[in-house]
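Chemist:
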Amino acid sequence: MRFSQLLCISVLLVSCSQAKDVDLLTIYTSRQPQLIEPLLEQYKEKTGIEVRLLSGKAPQLMERIAVESDMTEADIFMTVDAGVLWQAGEKGILEDINSKILNENIPEHLRDASGKWFGLSKRARTIVYNSDKVSTDELSSYKDLADPKWANKLCLRTSTKVYNRSLIASMIDADGYKNTKNIVQGWVNNLATEVFSSDTQVLKAVSAGQCNVTIVNTYYLARLADDPTYSNLKLHWANQDGRGTHVNISGAGVTKYSKNKVEATKLLEWLSSAEAQETYAGANKEFPVMDGIDVGQILQGWGSFKEDLILVEKLGLLQKEAVLLAQEAEYK
Ligand code: FE
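Encoded structure:
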């Protein structure tokens, strides 16, 4: 009796551990865990599949996947910025995924052509100004901020941040290297202060009147929206008479070494679905990749905007040129 009980328990353990292997996915992510954990809980309730997060900085996680190769537990690599996703693709750590659902849910310009990575939220980078000093009619494009009329009125985050590299890359694609360098040099000439190390710091400097205008990702402004201290910060959609406001992505791809590629793809498909998009994008006040999703009051308040439809993989392709350009323009 005792022996058969033991046997039964050991059989259960074996089957439990086998089931766990199938029912567990691992994401290596540079995105803040609290932004995605509620969704993964929802996914577990829905499918029984537990999703584990291993958090870290994107370059280290990419390197780790490459070094671990066949031994890696990473089924999915998730990060922000098309430039970083593109690098992961170039590094050979992502699998080409051909999924009808992903291809339908995510617009073509927000994903890799061969299916290595997919945009799961949009991150617009645009102009924010101090409404005590500037009115929206005075603003138009990123290029206009290079005009001497903004001398000593512009604050910027450092060009070493990938967000600015990707913005510059989009400008190189649209206007060419030489014109973009002139624009960036104009920005540098107009700086009222040293460059800042975060979008939040630069927004606070604009609100405090150290400068009148800046360029940031909109979710940083959304985070300050409920604080009356910063009520003089207002958003202007850049480039509305031209190619539209610069849009980057957060996104993910299935790793080349995953043993659960089918299940990993299904998870990405779900994250791109209408059911998950509101929470995925809304957690960080970003924009969903598909239309018709509720974006909440703050984002709605900014109104709709025309977005630059550049293939975001070009933000990766032109990243090196963007770095060189910023150096040549002495944009620190
Ligand atoms: Fe950010």
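For the sequence shown, the working numbering begins at 1214 and goes up steadily by one. The beta-carbon is built from N, C-alpha and C at its ideal position, and this holds for glycine as well. Computed from a predicted model, the values in this text were never measured in an experiment.
1. If you pair each beta-carbon of the stretch 1518-1526 with each one of the stretch 1457-1475, do three or more pairs fall below 8 Å?
2. Taking 8 Å as the cut-off, does the stretch 1255-1267 touch the stretch 1431-1441 (at least 3 CB pairs, one atom from each stretch)?
3. Restricting to Cα atoms, I'd like to know which of GLN1540, VAL1536, SER1486 is closest to SER1383.
4. Is it buried or exposed, PRO1501, if we count other Cβ atoms within 10 angstroms and call 16 or more buried?
5. Which of the three DSSP states, helix, strand or coil, is assigned to SER1327?
6. List, from N- to C-terminal side, the beta strand (DSSP E) runs of 3 residues or more that fit wholly inside the stretch 1403-1467.
7. Given 8 Å as the limit, is there contact between the stretch 1414-1430 and the stretch 1295-1303, that is, 3 or more CB pairs closer than that?
8. Apart from the five residues just before and just after ALA1387, which ones in its own chain have a Cβ nearer than 6 Å to its Cβ?
9. Consider the C-beta atom of ASN1430 and the heavy atoms of the ligand FE; say whether any pair is separated by less than 7 Å.
10. Would you mind working out which of MET1275, ILE1310, GLN1245 sits nearest VAL1467, comparing C-alpha positions?
11. If we count the other Cβ atoms within 10 Å of its Cβ and call it buried at 16 or more, is GLU1407 buried or exposed?
12. Going by Cα to Cα distance, which pick from ALA1539, ASN1365, LYS1362, VAL1375 is closest to ASP1412?
13. Relative to the alpha-carbon of LEU1238, which residue among GLU1303, SER1334, GLY1514, GLU1476 has its alpha-carbon at the smallest distance?
14. For LEU1237, report the span of its beta strand (DSSP E) as first-last.
15. Just curious, the beta strand (DSSP E) that THR1492 is in, first and last residue?
16. Is LYS1469 helix, strand or coil when you go by DSSP?
17. Using 8 Å as the threshold, is the C-beta distance between LYS1356 and ASN1425 below it?
18. Pop quiz: VAL1415 and CYS1368 are said to be a contact at Cβ under 8 Å. What is the actual Cβ separation, rounded to whole angstroms?
19. Could you check if ASP1504 is buried or exposed, using at least 16 other CB atoms within 10 Å of its CB as the buried criterion?
20. What does a CB cutoff of less than 6 Å around ALA1271 pick up in its chain, not counting 5 residues either side in sequence?
21. What residue does the alpha helix (DSSP H) around LEU1248 start on, and which one ends it?
22. Give the DSSP-derived three-state secondary structure of GLU1276 in the structure shown.
23. Looking only at DSSP bridge pairs, what is LEU1266 linked to?
24. Pick from LEU1248, GLU1250, GLN1255, VAL1264: whose alpha carbon is nearest that of ASP1236?
25. Can you find the residues in the same chain that come closer than 8 Å, C-beta to C-beta, to LEU1267, ignoring five residues on each side of it along the sequence?
26. Out of SER1485, ALA1364, LEU1446, which one is the CA nearest neighbour of ALA1465?
27. For TYR1443, tell me which candidate among TRP1483, GLU1482, ASP1345, ALA1489 has the shortest Cα-Cα distance.
28. If you draw a straight line from the C-alpha of ASP1507 to the C-alpha of LEU1528, how long is it?
29. Use the C-beta contact count for GLN1510: other C-beta atoms within 10 angstroms, 16 or more gives buried, fewer gives exposed.
30. Excluding five sequence neighbours on each side, which residues of the same chain lie with their C-beta closer than 6 Å to the C-beta of LEU1248?
Modeler: Result, derived from the coordinates:
1. yes
2. no
3. VAL1536
4. buried
5. coil
6. 1426-1430, 1446-1449, 1459-1467
7. no
8. ARG1456
9. yes
10. ILE1310
11. exposed
12. VAL1375
13. GLU1476
14. 1237-1242
15. Counting along the chain, THR1492 falls outside any beta strand (DSSP E), though it belongs to the alpha helix (DSSP H) covering 1487-1495.
16. coil
17. no
18. 5 Å
19. exposed
20. SER1243, THR1292, VAL1297
21. 1246-1260
22. helix
23. ILE1240
24. VAL1264
25. THR1239, ILE1240, TYR1241, THR1242, LEU1274, GLU1286, ALA1287
26. SER1485
27. ASP1345
28. 28 Å
29. exposed
30. ALA1496, ASN1497
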